[in-house]
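Enquirer:
Protein chains: 2
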Amino acid sequence: MTSLAIVRTVSDLRRAVAEYRAAGRTIGMVPTMGALHEGHVSLVKGALDRGDVPVASIFVNPTQFGPNEDFSAYPRGEADDFAKLEAAHCRIVFAPSVEEMYPGPQLTTVTVGGSITEGLCGPFRPGHFQGVATVVCKLLMMATPDRGYFGEKDYQQLQVLKRMARDLNLPVEIVGMPTIREPDGLAMSSRNRYLSAEERQRALAMYRALVTAANAVRDGRTACATAEAEATQSLLKAGFDKVEYFSVVDANTLAPLAKVTGPARIAAAARLGRTRLIDNIAV
Amino acid sequence: MTSLAIVRTVSDLRRAVAEYRAAGRTIGMVPTMGALHEGHVSLVKGALDRGDVPVASIFVNPTQFGPNEDFSAYPRGEADDFAKLEAAHCRIVFAPSVEEMYPGPQLTTVTVGGSITEGLCGPFRPGHFQGVATVVCKLLMMATPDRGYFGEKDYQQLQVLKRMARDLNLPVEIVGMPTIREPDGLAMSSRNRYLSAEERQRALAMYRALVTAANAVRDGRTACATAEAEATQSLLKAGFDKVEYFSVVDANTLAPLAKVTGPARIAAAARLGRTRLIDNIAV
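Sequence lines, in order, name chains A and C. Per the working numbering, residue 902 is the first one in the first sequence, and the count goes up by one each step. Per the working numbering, residue 902 is the first one in the second sequence, and the count goes up by one each step.
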């Protein structure tokens, strides 16, 4: 089997995975919502680099979108996605319908509490991380991979999923992969497609603000609150319409920091016209 | 390997299970809180009957007990439990410490909502089914069995776990096994050990009330509310101190029924002195 197998049902997915398992192969899962870009491709490559058979999924999960969010507008383009996966040497893609994923009411939810979900996107997207944790738990249980690959671009999501896997003793390793950026620094995101040419230029300010803030707070030089306020001002000046948060947090617990004394992350979310952009950077 | 292997850590459990897997065997898990009786033994037998290697666990899970419940008083007797499991031809018993099960704060919870948890024990034991679903999910992910065996004695718990496995697509079949009763009809329960000789006699009234009610409501002959009220009165007259509920419910959704027209279950919980007893019966 050298070409991409496209499966639509859980039973076909399990059958396709079992064939590779029977041949002694390990499985690396790459859950996505489609509208694939080089960030997603790097996750497939990450699986190949570790010797895993890459299994991608494409599912725009309704339960992780709020009522006023962009579920219906979210970019979809299956043929293009399949071509990118095939070119990346992905072996299986699971592209289920909503009915296949949720054949009846989903009464069971997986919730990660504590500081990991309390801050950053948590208050702005109520129910989002519960939707993510639940659907990723389902996908992992469907494909039973050895490893699941997720981008650091969605850093809070990555920490939620790592904690879920650890707390529920899932027999899966959650692997975080570096954010892939455009040459000018903008983090790749399916939502970048929403941006007008002018907004695309303004969007750059987010990465620049993150780099500036990371240099400012490193080794406790500047208080986090000072750097956060300056970054927020710089984003507004650059043409962002609203800054939801710009926060220096502990790299593991995501608890807000006053001073940087250990591993930290700076994460930001801001609105540019109708588009909500997020990004983050290690300190 | 013909004797019982006693394992205390997740890694030892996984290693012991992997040996049987490598030999082509399927695994049947029997999660328990110890204080084993013939009901538990029947679950081990159920696994053997289906050709599974029986793997039991003994863990008195603190997160499924309320603050005023009997966690510290719950009967514990490991040596006796191990002897019963060995005699029943169980192959592995996982008996972890609280620290092994919960090495850090358990921030992730599994919740089953809807009618399955709204009624019966739900309102009387807030947090109980979340504690049960979360710890059983953990245990199933630790041992990765083909099947998990649970008694119908805890009928609501069984429905919660079936729903959890279905909703989260766990690659595990949840098998319900018939309640094992004493010769006089009392459902076997570890909590029966709490009963004085006199209470033990009075306890019989619960099974009798269930049988009487099942005959009354069958085929819609008597309205459920009438049978429920009569049963409640009979339990109080027999010396029960408080009847928490005595309810005719849909066998699958556990939603209360006014008339029996399809598969139904009658479930009851009542207090006898300091002991809380539950039982249920098919209609």
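The beta-carbon is built from N, C-alpha and C at its ideal position, and this holds for glycine as well. Note that the structure is predicted; figures quoted are calculated from it, not measured.
Can you grab the Cα-Cα spacing for the pair Ala-1115 of chain A / Val-1033 of chain C, in whole Å?
Expert: 43 Å
Enquirer: Can a CB atom of chain A be found closer than 7 Å to the CB of Gly-947 of chain C?
Expert: No, its Cβ sits nowhere closer than 7 Å to a Cβ of chain A.
Enquirer: Of the choices C:Thr-964, C:Glu-1000 and C:Ile-1081, whose alpha-carbon is the least far from that of Tyr-1108 of chain C?
Expert: C:Ile-1081
Enquirer: At a Cβ threshold of 7 Å, is Arg-1064 of chain C touching chain A?
Expert: yes
Enquirer: What is the rounded straight-line gap between the Cα of Met-902 of chain C and the Cα of Ala-917 of chain C?
Expert: Note that Met-902 of chain C scores 45 on pLDDT, short of 50, meaning its location in the model is unreliable; the coordinates nonetheless yield the value given after this. Rounded to whole angstroms, Met-902 of chain C to Ala-917 of chain C spans 11 Å at the Cα level.
Enquirer: Mind listing which residues of the stretch 1016 to 1031 of chain A have their C-beta closer than 8 Å to chain C's C-betas, in chain order?
Expert: Flagged, chain order: Ile-1017.
Enquirer: Residues of the stretch 1064 to 1088 of chain C with a CB closer than 7 Å to any CB of chain A: list them in chain order, please.
Expert: Arg-1064, Met-1065, Asp-1068, Leu-1069, Asn-1070, Leu-1071 and Pro-1072
Enquirer: Rounded to whole angstroms, what is the Cα-Cα separation between Glu-1083 of chain C and Pro-976 of chain C?
Expert: 19 Å
Enquirer: Just curious, the beta strand (DSSP E) that Glu-1074 of chain A is in, first and last residue?
Expert: 1074 to 1078
Enquirer: Quick one: which chain A residues come within Cβ less than 8 Å of Pro-1006 of chain C?
Expert: Gly-1015
Enquirer: From the DSSP output, in three-state form, read off Val-961 of chain C for me.
Expert: coil
Enquirer: Could you check whether the Cβ of Lys-1160 of chain A sits closer than 7 Å to any Cβ belonging to chain C?
Expert: Contacts with chain C at 7 Å (Cβ-Cβ) do not include Lys-1160 of chain A.
Enquirer: By Cβ distance below 7 Å, which residues in the same chain neighbour Tyr-1095 of chain A in space, the five residues on each side in sequence not counted?
Expert: Residues Arg-1175 and Thr-1176 of the same chain have their beta carbon placed closer than 7 Å to that of Tyr-1095 of chain A, with the five preceding and five following residues left out of the count.
Enquirer: Spatial neighbours of Val-1076 of chain A within its chain, please: C-beta separation below 6 Å, excluding the five flanking residues on both sides.
Expert: Arg-1048 and Tyr-1050
Enquirer: Using a 10 Å radius around the Cβ and a threshold of 16 neighbouring Cβ atoms, would you call Arg-1026 of chain C buried or exposed?
Expert: buried
Enquirer: Is there at least one Cβ from chain A nearer than 7 Å to Met-1042 of chain C's Cβ?
Expert: Against chain A, the CB of Met-1042 of chain C has a partner CB under 7 Å away; the residue lies at that interface.
Enquirer: Is His-938 of chain A closer than 7 Å to Met-1089 of chain A when the C-beta atoms are compared?
Expert: yes
Enquirer: Which of the three DSSP states is assigned to Leu-1178 of chain A in this structure?
Expert: strand
Enquirer: Do we get a CB-CB distance below 7 Å when we pair Lys-1054 of chain C with the residues of chain A?
Expert: no
Enquirer: Quick one: Cα of Thr-1133 of chain A to Cα of Pro-968 of chain A, how far?
Expert: 27 Å
Enquirer: So, does the CB of Thr-1010 of chain A fall closer than 7 Å to a CB anywhere in chain C?
Expert: yes
Enquirer: Taking the beta carbon of Thr-1035 of chain C as the centre, do at least 16 other beta carbons fall within 10 Å, making it buried, or is it exposed?
Expert: buried
Enquirer: Comparing C-alpha positions only, which one of A:Pro-932, A:Leu-949 and A:Asn-1070 sits nearest to Thr-1010 of chain C?
Expert: It is A:Asn-1070 whose Cα lies nearest to the Cα of Thr-1010 of chain C.
Enquirer: State the beta-bridge partners of Asp-953 of chain C as determined by DSSP.
Expert: DSSP lists C:Thr-927 as partners of Asp-953 of chain C.
Enquirer: Ala-875 of chain A to Val-1184 of chain A, Cα distance in whole Å?
Expert: Past the edges of chain A, shown from 902 to 1184, lies residue 875 of chain A, and the structure says nothing about it.
Enquirer: Going by DSSP, name the residue or residues bridged to Phe-1147 of chain A.
Expert: A:Ala-1169
Enquirer: Closest to Ala-1128 of chain A by C-alpha separation, out of A:Asp-982, A:Asp-1055 and A:Val-1149, would be which residue?
Expert: For Ala-1128 of chain A, the nearest C-alpha among the options comes from A:Val-1149.
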